[in-house]
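Each residue of the sequence shown is one higher than the one before, starting from 273 at the first, in the working numbering.
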Amino acid sequence: MSIEWAAGLFEGEGYIRKFSPLKHDYAVHIKMTDLDILERFEEMFGGTIKRRPLTAPHHKPIWDWRLGTKAKVKNFLLLMLPHFGYRRTYLAQNLLDAMDAC
């Protein structure tokens, strides 16, 4: 898989998160029902995959890939940044700026 593939997947399915303005906790996530896709993502970038609780018995399992250390999040975003669209670039750059300010 290529960086461009990963950036496209993250652009569509992923999200960037700063947990608290007072804490320096950062993470990037992708939640989806396709475990095999997340396993490929995990092979490329590390992180962890966890199964989320079902919200209804007839729903498919939802899997959550997460990268949650400051250094790994920063490296991931720097790799992805050239391939993101405008909105995701804006969010990623804001988080990178916040990380650098800490």
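Built from N, CA and C at the ideal position, the CB exists for glycine as well.
Which residues share a DSSP beta bridge with H301?
-> Y287, R338
Contact under 9 Å by Cβ, M352 with A299 = Contact flag unset, no.
Closest by CA to D297, which one among R359, A343, Y362?
-> A343
According to DSSP, residues forming a beta bridge with R323 | W335
Span separating the alpha-carbon of L310 from that of I321 = 7 Å
Sorted by chain position, which residues of the same chain lie with C-beta nearer than 7 Å to V345's C-beta, five sequence neighbours on each side aside?
-> Y298, A299, V300, L339
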